[in-house]
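Read through the structure below, which is laid out as structure tokens, and then see the notes.
Residue numbers (the working numbering): 682 to 932.
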């Protein structure tokens with residue numbers, strides 16, 4: 682799959698998913714919206730990001746069939762956990778290592794973009810534990826993030842990192858409450874994905890989040906409200922990007 686300048690199929694899926702959900706708030710001819718939905722769903726499927734595809738389909742379905750969507754989601758979630766147990770085990774391994782790594786340096790962490798170093802240092806210690814060695818040896822690999830916004834920032838920046846991650850999530854939830862359905866679900870997509878990927882741990886992800894937050898903060902809460910929403914987005918985005926840039930300059 683050609684990724685262009687994105688460089689990551691899962692993040693590309695997030696961008697397509699956000700666009701697809703925002704499309705639901707745009708008042709255009711039904712035939713155009715229908716065609717655009719089909720095109721973007723096909724593009725999303727081509728990214729092979731099963732989690733993002735499932736979330737987008739859930740949000741689209743829930744708008745029209747909330748009760749049946751919830752029932753179907755519970756059943757499908759059970760099937761996913763049964764048939765995709767190995768994938769779940771991989772996340773369990775990564776999050777366990779992240780928690781143990783954070784407990785080693787809880788206040789200031791290992792430093793920005795140093796999750797990989799913390800990971801291998803922690804794995805070396807955990808390999809002395811029979812349970813870990815037997816259950817997770819096959820999952821040890823070179824990684825650069827925890828696939829969870831809280832754990833990732835906690836390992837790298839300690840308690841301040843946890844506060845920073847909590848700030849992003851709380852602001853998102855507050856903005857979600859008063860937003861139209863498409864914008865609401867686009868923000869929810871970013872929130873949920875940040876719990877099992879690092880969409881908010883990258884500059885691209887922060888830019889995407891800031892743009893959505895800017896739109897949600899604007900009076901019209903519409904993507905056509907460019908002046909204020911782009912200004913608010915810049916106000917939110919620049920401190921976050923500068924925070925990352927300054928942290929990297931100390932490495």
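Glycine residues also receive a C-beta, built at the ideal position from the N, C-alpha and C atoms.
>> What would DSSP say about residue 773, mapped onto helix, strand or coil?
In response: DSSP, reduced to helix, strand and coil, places residue 773 within a helical segment of the structure shown.
> Is the distance from the Cβ of residue 792 to the Cβ of residue 837 below 8 Å?
Replying inline: It is a contact, given that the beta carbons lie within the stated cut-off.
> Quick one: Cα of residue 878 to Cα of residue 755, how far?
Replying inline: 21 Å
>> Helix, strand or coil for residue 787? Go by DSSP, reduced to three states.
In response: coil
> Excluding the five sequence neighbours on either side, which residues of its own chain have a C-beta within less than 6 Å of the C-beta of residue 807, listed in chain order?
Replying inline: 813
> Between which two residues does the alpha helix (DSSP H) harbouring residue 742 extend?
Replying inline: 731 to 745
> Which residues mark the beginning and the end of the alpha helix (DSSP H) in which residue 833 is found?
Replying inline: 830 to 858
> In three-state terms, what does DSSP make of residue 819?
Replying inline: helix
>> So, with DSSP's three-state summary, where would you put residue 878?
In response: coil
>> Give me the residue from 840, 893, 774, 698 with the minimum Cα distance to residue 934.
In response: The structure shown does not extend to residue 934, since the chain is modelled only from 682 through 932, so no value can be given for it.
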